[in-house]
Structure formats: C-alpha cells, structure tokens
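Participant:
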Amino acid sequence: DVKVTQSSRYLVKRTGEKVFLECVQDMDHENMFWYRQDPGLGLRLIYFSYDVKMKEKGDIPEGYSVSREKKERFSLILESASTNQTSMYLCASTQLNTGELFFGEGSRLTVL
Amino acid sequence: QKEVEQNSGPLSVPEGAIASLNCTYSDRGSQSFFWYRQYSGKSPELIMFIYSNGDKEDGRFTAQLNKASQYVSLLIRDSQPSDSATYLCAVKVKSSASKIIFGSGTRLSIRP
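First to last, the sequence lines map onto chains A and B.
Sequence positions in the first sequence follow the numbering used here and run 25 to 136.
Sequence positions in the second sequence follow the numbering used here and run 146 to 257.
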C-alpha cells in the first residue's frame, strides 16, 4: 500500500521560530511536492523536487525553503515563521512523467 | 489571470442528476489534466486524468478536454450524496517536466 507520511499532523509555533515539516514516501517516486491549502484558494505549490538535491520554486516560495538529501524524504523549512504562514501543508509524491499525486494526511500549522 | 481557474461554488445538484464541473487553464502548451476529489478534512485523491482532446469515461465519471478552448470539464452522472466534496482541477504545465498546479476547487453538494 502506497504511503506518504508527514511527521506532524498539528503544530503550534510562535512568530520567528524555525519550523521543519518532514515528509517521507515509500514508493520510490522521483517527484515530491509541498503545497499549502487555504480556504477558497485551493492548493498552491510552494516547492517541488524532481531528484535528490534538485528543487524548483513553485508559485509561492517566499518565506520557505526545502531540502531533499534522500530520495524518499522532502523537508519544508520555514526559517522564521510568520502568522500568514498559518495553513494546512500537504506533501505529495508522484512518479516521473505522471500526474497521479499521492498525498500525505497534511500538517496543520498555526503560528501565533 | 490565474493559471487554473474554477468556479468555487457551491454547486448544488439533486441526487440522480448530472453534475458538471468546469476548469480553464492559461498555459496553452499543457498536456496533462487531472481531477481530484477532496472530502472535508481529508487529502485529495485522483479520480480522473485526461491527455487527449475529447471525452474519457470511467464509470459514472466523464472527463472532457478541449485544448483549443483551454477547457477541461468533469461530468458526474447519477449523482450520489457520497459525491459531495470539493473537486480540484490540476494541470501539469508544459514549462516544467514535473510542475503540477491546481485550481481553487469547486464545492459540490448533492441534495437528496
């Protein structure tokens, strides 16, 4: 059974804190993605990665960075969390050249 | 102009009727198109994909693609209360081998 696991379902952080969101997939997928989902805005792409150590900016990369040191793991980093980064964060993976995204359960981040 | 646009709804359809969901996209070179369903509190799941102009049927679902008009639609026949969800249109953009972007989603409600 395919699986994308996000490390934390719920997090509460304070403004200015550094936040790490971890995502692990067990399907040997080349591509991994981080989206954020806000009411009325759908899923907005933050960053994606098509190979180890390779990354591309999505549509809203400001305030975020990512790391992919191993094929199965893709981390999203908020260097200095701000209240406007309060959101649901969804990690997904897919095989190269396909579009079937497999999503994790999401990480709901609240920044106070 | 947003890259992928959907009417946010809510779209209310009586049980047993046909639900029609629409999506337009701006990247004329896009080749791959997807419909995801998202139940409240859950992650999105793929229900249909389409690559060629025309119709593609899978059970009660039909995806329609018109590349000249940059338009994708999803028809749900014999709508059931269990079809009540948010439907997200996704496009794999041509400018990147891996980038997949979403519309804001249409909330569908099937009334008994």
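The beta carbon of each residue, even a glycine, is placed where N, CA and C say it ideally should be.
Name the DSSP beta bridge partners of T107/A, please?
Facilitator: Answer is none; T107/A lacks a bridge partner.
Participant: Does DSSP put S157/B in a helix, in a strand, or in coil?
Facilitator: strand
Participant: Judging by CA-CA distance, which residue of Y34/A, G128/A, K81/A and K94/A is the nearest neighbour of V43/A?
Facilitator: Y34/A
Participant: So, is the C-beta of A235/B closer than 9 Å to a C-beta in chain A?
Facilitator: yes
Participant: Ordered along the chain, which non-local residues of its own chain (more than five positions away) have a Cβ less than 8 Å from that of T110/A?
Facilitator: L133, T134 and V135
Participant: Considering only residues of the same chain and omitting the five flanking positions on each side of L114/A, which have a CB-CB separation below 7 Å?
Facilitator: Y59, Q61, L67, F127, G128 and G130
Participant: Contact between the segment 148 to 164 of chain B and the segment 91 to 106 of chain A is defined here as three or more beta-carbon pairs at a separation below 8 Å; is this criterion met?
Facilitator: no
Participant: Between the alpha carbons of I255/B and D223/B, how many angstroms are there, rounded?
Facilitator: 10 Å
Participant: Taking the Cβ atom as the reference point for each residue, do V236/B and Y181/B lie within a distance shorter than 9 Å?
Facilitator: no
Participant: Is there at least one Cβ from chain A nearer than 9 Å to G174/B's Cβ?
Facilitator: no
Participant: Among residues of its own chain, excluding the 5 on either side of C168/B, which ones have a beta-carbon nearer than 6 Å to its beta-carbon?
Facilitator: Q151, V217, C234 and G248
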